[in-house]
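Going down the list, the sequences are from chains A and B.
Residue numbering for the first sequence follows the working numbering, starting at 1 and increasing by one per position.
Residue numbering for the second sequence follows the working numbering, starting at 1 and increasing by one per position.
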Amino acid sequence: MRVLSALALSLSLAAPASAGVKETLSDHILPGFARFGAASDALAKVAEADCTAPALRPALQETFDAWMAIGDLRIGPSETGALSIAFWPDTRGFTPRTLRRLIAEEDPVAGDAAAYAEVSIAARGLFALEMLLFDPELSTYKAGSYTCLLAATLAADLGNQARDLKSGWSETFAETLLTAGEAGNATYLTQAEATQALYTQILAGLEFTQARRLGAPLGTFERPRPARAEARRSARSLRNVVLAAEAAHSLATAFADWEIPVTDAAFARVLEVADAIEDPAFQDIRDPSSRLRAEILQQSVHALSEAIQAEIGAPLGISAGFNSQDGD
Amino acid sequence: MTTRRGFIASLLAASTTPALGWAAVGNPAYLAAAKEPDGAFALHGLSANGQSTFRIPLPARGHAGAGHPFRAEAVAFARRPGPFALVLDCARGDVIHRLTPPENRQFNGHGVYSADGSILYTSEQQSSDSAGFVGLWDVESGYRRIGEAPTGGLGPHEIHLLPDGATLVVANGGIATDAGNRRKLNTDQMRPSLVYLSTDGALLDRLDLAPELHQNSIRHLAIRKDGLVGFAMQWEGAPDAATPLLGLHRLGETPRLAEAPLAHEIAMKGYAGSVAFSGTGEEIAITSPRGNRLHRFTAEGHFLGAVSRSDICGLAPLADGYLASDGGGGLLAIEMGKPRALALHSCAWDNHIVTL
C-alpha cells in the first residue's frame, strides 16, 4: 500500500503546478475582482445622486461587464458569494416575485443597505437591479419613489458584496490557493489539488455557458425558450456568452505558462460566430436560421472547452472528479 | 464442508479470540472502497486517524460494504445493479464467499449485518420492475439465502438496523432503472419512501415526502444511538430547485426536513452522497461531491455551516465530529466545523465510509 504524505506529493509536483495558480491569481482573478469592485462602487455613487432607471443603466452595464470576467468562479468566497450577486437561472421566478412583494408592501428594508443583506438572494445583485432598470413596467418609477430608493439600496448592497468578495479573495482565499500542500491547509492538501481546482473552474464556466446561457433559450427545436435567455431585458444575453468565453480564454492563458494556439484559435472562432448573431437577447431564436447561428455559437464554446482540455488538462494529467462524475 | 462448518462454529464460539477478530487486522474503525493509482479496486480498513490497516483487492469497483460485528469479515457490494457481492476474510485477504442474488434480483449496493452477526440483510431490487426487497442471508451456514421481504417501494438503496436490533430502515429511492444498466425510467412518477420493517419483514412505518418533493430520491441513511434516523436525498427534478437534501425522522413521528440558506442549498447541486451523525450525535452532516462541500446541521435540523473540499463524499462519525473521504485520496477530520487533514492516500476513495 502506497501512502504518500502530503509533503512528499506536493514536492514531487511543485514546479509545474504552482506557477499556474500564482499567475492565474495575479494576471486575471485578483485584478478582475478589483475592477468589479470599482465598477460596483461607481454604480452605487451614481445611484446616490440619481436612482432613476435611465441614470443607472450605463453604470449597471459596466458593472455587469466587469462581473463577467470573474463571475463564473465558484470556489472560495465565490462559492456562495457569486449567487447573491448573480442569481440566475431563476426558473421559479423568485426575483420578480420578491421584488414585486417588496414594492407592494413598501418594505422598509429598502432604506437600509446593511439590512438588505438579509433579504432573499433572489432580490439582490445584478439580476434584481436589471429587473428594476429594464423591465418595461417596473422601470418607469419616478425619482423619490419607493422603487427608486430600492434601486439605490440594491446598488449599495452590490457595492458591499463586491468589496467583501474582493477582500475575501485577495486577503484570504488567494493565500489558501498559494499555500496548497502546506501544513494546516485542509482545503488543498497538495499544490496539484489547487491547480486542479482552478482548472476545473475554467471548464465549469464554459459548461455553464453552453448548457445554460445558450441551452436555456435554445430549449428544444420544437419548443425554444427565448424568455429564458440570461439578462434578456438588458439585451446582454449574447454579450455575456462572449465575455464568459473571453474570461475562460484569459484564465487559460494565465494558467498555462506555455503557448496554447488551439485554444487561441477556438476563442477567435467564438468571437467570429458570435458576430453573425443579430439579436443580442436571443429573442429571434424561434427563427430556424437564427437558431442555427446560436447552435453554432454553442458548438464553438464547446470547442473552446475541448481545446483547453487538450492543451492544458491533458499535459497536466488533470481529469474530472471520481465521485462527482458518478453519483449513486 | 463439515470441517469448515466446525471451524466457523468454533470461530464464533471463540469470538473474542483476537487473532480471528478485527484485532487481527489492526482494529480498523472503518471500511472504505477505493480505486487504486493503477486503476485496480480495493477495500481498505481504516483507523480513526486515517491510516489504512489492511487492503484487499476487489475485482471491480465496489460501492459500500458491511462489516461483521466481531469477525474480521466484510461484504463488499458491487455497484448497482449488482450481480454479486463478495464476503472477504480481512485477515487473510481472501474472498471466502461470492453471493449471487436469486433470479430476477439485483443487489443495490448496500447491506447490513444483524447485531449478533448471524444474518446479513441486503438491499435488492427486482430486475424486471425495480420493486424493492430485503434479502436475508444466513451467515453461519456460509451465507445461504434464507428469505426476502418486500420494501414497499422501488429502487431501495441504503439499508440499516435501528439500535433495537429488531427494526430495519430502508431508503426506497423510488427510481426504476433499466435492468441492464443504470438508466432511470420514471423520474416523473417517482415516489421515494422511508420504511421501517421488522426483521421478519412486517411493515412498521412508512414515510412519504410531500407531493412537491416526490422527485427527491431518498438514498442514504444515518442512525443515532437513540434511533433518530437521518436520511439524505438526491433531487431528480429540474435543476436549481434547491430543495432540502436532509431529513430527520423517528419511527412513528413526523419528519423534519433540514434546509440550508438558499445560496448554500444551490451550491449543493441537488445532491447528497452520504450522511452521518457526528461522533457525539449532536449534529449531522451531508456531503455533495458535485458541489464539493459538506453541510452541517444540528440534530434538530438547523443549518450550522459548510466545509469545502473537492470531490468529498464518504462520511462517518469520528470522536468529536466526522471522518470525510474524497476522490483525491484525502481523509479529513471535521471537528467543530473545522477540517483537518488526517492523511492523503494515493487512491480515490469511493462514495462511502462504513463504520465498524
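We put the beta carbon where it would ideally sit given N, CA and C, even for glycine.
Whose C-alpha, out of the options, is nearest the C-alpha of residue i?
i: ALA272 of chain B; options: B:ARG296, B:GLY279, B:SER278 and B:LYS338; result: B:ARG296
i: THR53 of chain B; options: B:ARG98, B:ALA42 and B:ILE159; result: B:ALA42
i: LEU33 of chain A; options: A:SER139, A:TRP169 and A:ASP287; result: The amino acid occupying residue 33 of chain A in the given sequence is Phe; Leu does not appear at that position. Out of A:SER139, A:TRP169 and A:ASP287, A:TRP169 has the C-alpha closest to the C-alpha of PHE33 of chain A.
i: PRO102 of chain B; options: B:ASP116, B:TRP137, B:VAL112 and B:ARG79; result: B:TRP137
i: THR195 of chain A; options: A:ILE318, A:ALA303 and A:THR52; result: A:ILE318
i: VAL195 of chain B; options: B:CYS347, B:SER123, B:ASP320 and B:SER308; result: B:SER123
i: ASP164 of chain A; options: A:ALA310, A:ALA82, A:ASP279 and A:ALA227; result: A:ALA82
i: GLY165 of chain B; options: B:ARG145, B:LEU86, B:MET268 and B:TYR121; result: B:TYR121
i: PRO330 of chain B; options: B:GLY93, B:HIS157, B:SER308 and B:LEU197; result: Position check: residue 330 of chain B holds Gly in this sequence, whereas Pro was assumed. Closest by alpha carbon: B:SER308.
i: ALA238 of chain B; options: B:LEU213, B:LEU99 and B:GLY174; result: B:LEU213
i: ARG233 of chain A; options: A:ARG101, A:GLU130, A:ASP112 and A:ILE103; result: A:GLU130
i: THR100 of chain B; options: B:ALA76, B:ASP116, B:TYR113 and B:LEU161; result: B:ALA76
i: VAL169 of chain B; options: B:GLY39, B:SER198 and B:ILE284; result: B:SER198
i: GLY357 of chain B; options: B:GLY153, B:THR167, B:GLU265 and B:ASP178; result: Shown here, chain B extends from 1 to 356; a query on residue 357 of chain B therefore has no answer.
Starting from the beta carbon of residue i, find every residue of chain B whose beta carbon is closer than 7 Å, and list them in chain order.
i: LEU99 of chain A; result: Going along chain B, no residue has its Cβ under 7 Å from LEU99 of chain A, so there is no contact; the nearest lies around 15 Å.
i: THR80 of chain A; result: ALA263, HIS264 and ALA267
i: GLU193 of chain A; result: SER310 and GLY328
i: ALA276 of chain A; result: Those do not exist, as ALA276 of chain A stays about 29 Å from chain B at its closest Cβ, beyond 7 Å.
i: ALA197 of chain A; result: SER310
Given a threshold of 16 other Cβ atoms within 10 Å of its Cβ, counted over all protein chains shown, does residue i qualify as buried or as exposed?
i: HIS345 of chain B; result: buried
i: GLU300 of chain B; result: exposed
i: PHE329 of chain A; result: Any property of residue 329 of chain A remains undetermined from this structure, which presents chain A solely from 1 to 328.
i: LYS367 of chain A; result: Because residue 367 of chain A is not part of the residues shown, which for chain A are 1 to 328, the question remains open.
i: ALA258 of chain B; result: buried
i: LYS35 of chain B; result: buried
i: TRP235 of chain B; result: buried
i: LEU356 of chain B; result: buried
i: MET190 of chain B; result: buried
i: ILE312 of chain A; result: buried
i: ASN292 of chain B; result: buried
i: ALA324 of chain B; result: buried
i: LEU203 of chain A; result: buried
i: GLY105 of chain B; result: Here the sequence assigns Arg to residue 105 of chain B, which means Gly is not the residue at that position. Buried is the call here.
i: HIS302 of chain B; result: exposed
i: ILE353 of chain B; result: buried
Kindly list, in the order they appear in chain A, the residues whose Cβ is closer than 8 Å to that of residue i.
i: PRO339 of chain B; result: ALA186 and THR187
i: GLY26 of chain B; result: In chain order: nothing, as chain A lies at least about 12 Å away.
Check whether the Cβ of residue i sits closer than 6 Å to any heavy atom of the ligand ATP, and report yes or no.
i: ARG79 of chain B; result: Here there are no bound small molecules, and the ligand ATP is not part of this structure.
Report the neighbours of residue i on chain A: residues whose CB is nearer than 7 Å to its CB, in chain order.
i: ALA238 of chain B; result: THR91
i: ARG79 of chain B; result: ASP328
i: GLY45 of chain B; result: Within chain A, no residue comes near GLY45 of chain B; the closest Cβ sits about 11 Å away, beyond 7 Å.
i: GLN234 of chain B; result: GLY327
i: GLY279 of chain B; result: Here the premise fails: no neighbours, minimum Cβ distance about 18 Å.
With DSSP as the reference, label residue i as helix, strand or coil.
i: SER47 of chain B; result: coil
i: VAL262 of chain A; result: helix
i: GLU311 of chain A; result: helix
i: TRP67 of chain A; result: helix
i: THR253 of chain A; result: helix
i: VAL95 of chain B; result: strand
i: ASP200 of chain B; result: coil
i: ASP205 of chain B; result: strand
i: GLY144 of chain A; result: coil
i: ILE269 of chain B; result: Just to set this straight, residue 269 of chain B is Lys in the shown sequence, not Ile. Correct three-state label for LYS269 of chain B: coil.
i: THR2 of chain B; result: Bear in mind that a pLDDT of 37 at THR2 of chain B, under 50, signals an unreliable position, so the number given afterwards is only what the model happens to contain. Helix, per DSSP.
i: ARG2 of chain A; result: Reliability of the predicted coordinates at ARG2 of chain A is poor, the pLDDT of 36 falling under 50, and the value obtained from them is presented with this limitation in mind. Coil, per DSSP.
i: PRO59 of chain B; result: coil
i: ILE75 of chain A; result: coil
i: ARG236 of chain A; result: coil
i: ILE353 of chain B; result: strand
Taking C-beta pairs closer than 8 Å, name the residues in chain B that residue i reaches, listed in chain order.
i: THR220 of chain A; result: Within 8 Å Cβ-Cβ: nothing; THR220 of chain A doesn't reach chain B, min ~14 Å.
i: VAL230 of chain A; result: Note on residue identity: the sequence assigns Glu, not Val, to residue 230 of chain A. In chain order: nothing, as chain B lies at least about 13 Å away.
i: SER84 of chain A; result: ALA263
i: THR95 of chain A; result: Ordered by position in chain B, no residue passes the 8 Å Cβ test against THR95 of chain A, which lies about 12 Å from the chain.
Under 9 Å Cβ-Cβ, which residues of chain A neighbour residue i?
i: LEU332 of chain B; result: ALA186 and LEU189
i: LEU357 of chain B; result: In the structure as shown, chain B starts at 1 and stops at 356, and residue 357 of chain B therefore has no counterpart that could be examined.
Scan the region 242-270 of chain B for residues whose Cβ lies nearer than 7 Å to a Cβ of chain A and list them as they occur along the chain.
-> LEU262, ALA263, HIS264, ILE266 and ALA267
Scan the region 104-128 of chain A for residues whose Cβ lies nearer than 9 Å to a Cβ of chain B and list them as they occur along the chain.
-> Interface annotation for the region 104-128 of chain A against chain B: SER120, ILE121 and ALA122, criterion Cβ-Cβ distance under 9 Å.
Proximal residues, the region 167-188 of chain A versus chain B, C-beta separation under 9 Å | ALA183, GLY184, ASN185, ALA186, THR187 and TYR188
Proximal residues, the region 299-324 of chain B versus chain A, C-beta separation under 9 Å | ALA306, VAL307, SER308, ARG309, SER310, ASP311, ILE312, CYS313 and GLY314
Going along the region 153-186 of chain B in order, which residues come within less than 9 Å of chain A, judged by CB to CB distance?
-> Here the close residues are HIS157 and ARG182.
Quick one, which residues of the region 286-297 of chain B are near chain A if we go by CB-CB under 8 Å, in chain order?
-> PRO289, ARG290, ASN292 and ARG293
Members of the region 60-74 of chain B near chain A, C-beta cut-off 7 Å = HIS63
Please list the residues of the region 92-111 of chain B that have a C-beta atom closer than 9 Å to any C-beta atom in chain A, keeping them in chain order.
-> GLY109
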